[in-house]
């Protein structure tokens, strides 16, 4: 694993896992949100794609983010695609827990300082409602795109729970010969 793309629903631990991988392997880590969202607003798609392409031209990298519209410049260039595909109940629980921590002032981040109860839970486009809508709408499309990526020869690791993530991390520390954990669904197909 030298080129790793990682994605999943909100609150599945993408950033945490990406940072862990970056520390373990010593590879540079890029969060696609950090590329897309600038002080002047979001980048135009062409510029966003160009910058993502620039990151994935290197021999070693970890890129996280839910931008399947960049699959050809990120996922298809990876040697490993990790999908954090948790059940909706876990996603909802984690969003509620994180939002409550942020609203209570227990988290010091830019998002936490701006979050309101309405933004977290009650507005039509609240964090919670958006996560549920995206889970229902995007998951079937993600499954198709993941299968397409696997057909290109990219190893796909699907982790379906926090416990599966922890087992997989433990297996990774043991080495490649022992890294096929019970909680991870692996799909590897070649051309």
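Numbering (this note's numbering), first residue to last: 150 to 340.
Yeah, the Cβ is synthetic: ideal placement off N, Cα and C, and Gly gets one too.
Problem set entry | Buried versus exposed call for residue 176 [16 or more other C-beta atoms within 10 Å across all chains shown] | Along the chain shown, read from residue 1 onward, the residue named residue 176 stands at position 27. Label assigned to residue 176: buried.
Problem set entry | Proximity to residue 309 [Cα-Cα], best of 242, 266, 232, 290 | Translated into the one-based positions of the chain shown, residue 309 becomes position 160. With distances taken between Cα atoms, residue 309 lies closest to 232.
Exercise. Can you give the Cα-Cα distance for residue 205 and residue 272, rounded to whole angstroms?
Worked result: Residue 205 sits at position 56 when you count from the first residue of the chain shown. Residue 272 sits at position 123 when you count from the first residue of the chain shown. So the two alpha carbons sit approximately 37 Å from each other.
Problem set entry | Segment contact, 8 Å Cβ cut-off, at least three pairs: the segment 238–253 with the segment 261–270 | yes
For this session: Output the distance between the C-alpha atoms of residue 221 and residue 319, rounded to the nearest integer angstrom.
Result: Position 72 of the chain shown holds residue 221. Position 170 of the chain shown holds residue 319. Cα to Cα, residue 221 sits roughly 30 Å from residue 319.
For this session: Pull up the distance between the alpha-carbon of residue 163 and that of residue 243, whole angstroms please.
Result: For the purposes of this step, residue 163 is taken as residue 14 along the chain shown, with counting starting at 1. For the purposes of this step, residue 243 is taken as residue 94 along the chain shown, with counting starting at 1. Roughly 13 Å between the two C-alpha positions.
Problem set entry | Integer Cβ distance of residue 295 from residue 230, believed to fall under 8 Å | By 1-based counting over the chain shown, the position of residue 295 is 146. By 1-based counting over the chain shown, the position of residue 230 is 81. Contact holds; Cβ gap of about 7 Å.
For this session: Mind checking which residues open and close the alpha helix (DSSP H) that includes residue 229?
Result: Taking the chain shown and counting its residues from 1, the one referred to as residue 229 is at position 80. Not the alpha helix (DSSP H): residue 229 falls in the beta strand (DSSP E), residues 229–233.
Exercise. Using a Cβ-Cβ cut-off of 6 Å (strictly less than) and excluding sequence neighbours within five positions of residue 256, which residues of its own chain qualify?
Worked result: Here residue 256 is taken as the residue at index 107 of the chain shown, counted from 1. The answer, listed in chain order, is 250.
Exercise. Can the beta-carbon of residue 161 be found less than 8 Å from the beta-carbon of residue 235?
Worked result: Your numbering for residue 161 matches position 12 in the chain shown. Your numbering for residue 235 matches position 86 in the chain shown. Yes, Cβ-Cβ distance for residue 161 and residue 235 is below 8 Å.
Exercise. Given residue 171, which residues of its chain have a CB within under 8 Å of its CB, disregarding the five upstream and five downstream residues?
Worked result: As a first step, residue 171 is located in the chain shown; it is residue number 22 there, counting from the start. Answer for residue 171: 177, 178, 211, listed in chain order.
Exercise. Across which residues does DSSP place residue 185 in a beta bridge pair?
Worked result: Within the chain shown, the letter at position 36 stands for residue 185. Beta-bridge pairing links residue 185 to no other residue.
For this session: With a threshold of 16 other CB atoms inside 10 Å of the CB of residue 165, please say whether the residue is buried or exposed.
Result: Residue 165 sits at position 16 when you count from the first residue of the chain shown. Classification of residue 165: exposed, given that the 10 Å Cβ count is below 16.
Exercise. So, using beta-carbon positions, are residue 253 and residue 154 closer together than 8 Å?
Worked result: Position 104 of the chain shown, counted from the start, is the residue given in the question as residue 253. Position 5 of the chain shown, counted from the start, is the residue given in the question as residue 154. Taking 8 Å as the Cβ cut-off, residue 253 and residue 154 do not qualify as a contacting pair.
Exercise. For residue 167, does the three-state DSSP call read helix, strand or coil?
Worked result: Numbered from its first residue, the chain shown carries residue 167 at position 18. It is helical.
Exercise. Between the Cα of residue 317 and the Cα atoms of 214, 209, 169, which residue gives the shortest distance?
Worked result: Along the chain shown, read from residue 1 onward, the residue named residue 317 stands at position 168. The shortest C-alpha separation from residue 317 is found at 169.
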